[in-house]
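In the working numbering, the protein residues as written are 116 to 458.
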């Protein structure tokens, strides 16, 4: 996050959750073990403000759980703790995460009174069968209805989706979900490939052989197809993959698409796919130079030069190398190929 926009996170694990989704153990995912109090919210704001540069725009973010599903009085206690900091300019706005079926007119009016600017909805999927198998307890229509309501009241809308959920083994439901989310025109999306977290029903299903792991490789391949769909329509991707925590890295992430640099792997795969298109029909034995925008050389090269080795193998190239072209843009096109056949 830049100095001009700083997030002060407060985690509310399982607070207000009406369902136990098969994939979820918020305490392990977030590292938080108990509900937060109003006093702790105020303390987090003070600490966060002291650690950010002067002039930074600070946003309090309630992550985890389903904020608007908790009793209204409890919502107001947590939001009230932030009110003095909004008044004196320490905070500039509030964001929160919740469920699509925990949004209604009264709730949105309450959030407006307390300065909430952004609402993140855990859509996860827009496929009813996937939602049912995942234990979500709501339909795709509920996501669409809540999204339109949030936008109609002037809030910024962020939608969260997951890949590799039960019932989405081939990724087609994820691609359909991305397209339906795009139709809802959110202000941003988060994409979370499924991680098998210990002490969840999904972990038990996986151990019993009833659920096939969504591997890092499968997630990278699928997300490399999803990311361009959002980028072509101007919808920012705020997060790709779970935020690494000590607990997840220490073994709570038992299997699945957990990698601390998942976003970088996906970006690298997008460049590889683009290069493959450009190299169609190139004569075997050619040498190639891949020109990429400034700052993208490592993504085209891949970890340990794996992208270039893959291209050399697949197209029988004599060699492949990368250079930056400051005039090159992300859009027109992502990768430009200069190619030369060896004599």
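Using N, Cα and C, we set each Cβ at its ideal position, and we do this for glycine too. Keep in mind the model is a prediction, meaning the values are calculated, not measured.
Within the same chain, and ignoring the five residues on either side of residue 326 in sequence, the residues whose Cβ sits closer than 7 Å to its Cβ are 281, 317, 320.
Collapsing the DSSP output to three states places residue 232 in a strand. Going by beta carbons, residue 437 and residue 418 fall outside the 8 Å limit. The beta strand (DSSP E) runs of length 3 or more contained entirely in the stretch 352-414 are, from start to end of the chain, 352-355, 368-371, 401-407. When C-beta atoms of the stretch 348-362 are compared with those of the stretch 388-405, fewer than three pairs fall below 8 Å, so the two segments do not count as touching. A residue is called buried when at least 16 other Cβ atoms come within 10 angstroms of its Cβ; residue 120 does not meet this threshold and is exposed.
Scanning 336, 289, 175 for the CA closest to the CA of residue 245 turns up 289.
Residue 307 and residue 387 have their alpha carbons spaced roughly 22 Å apart. Counting of Cβ neighbours within 10 angstroms places residue 227 among the exposed residues, the total staying below 16. Closest by C-alpha distance to residue 209, out of 138, 402, 271, 187, is 271. Residue 407 and residue 181 have their C-alpha atoms some 42 Å from each other. Approximately 6 Å separates the beta-carbon atoms of residue 218 and residue 265; this is inside 8 Å, confirming the contact. In the structure shown, residue 299 adopts coil according to DSSP, grouped into three states. Distances from the alpha-carbon of residue 207 to those of 166, 176, 240, 348 put 176 closest.
The alpha-carbon of residue 174 is positioned some 5 Å away from that of residue 122. Residue 364 sits exposed, since fewer than 16 C-beta atoms from the chains shown fall within 10 Å of its C-beta. Counting of Cβ neighbours within 10 angstroms places residue 370 among the buried residues, the total reaching 16 or more. It is roughly 30 Å from the alpha-carbon of residue 158 to the alpha-carbon of residue 312. The beta carbon of residue 284 sits closer than 7 Å to those of 327, all from its chain and outside the five residues before and after it, given in chain order.
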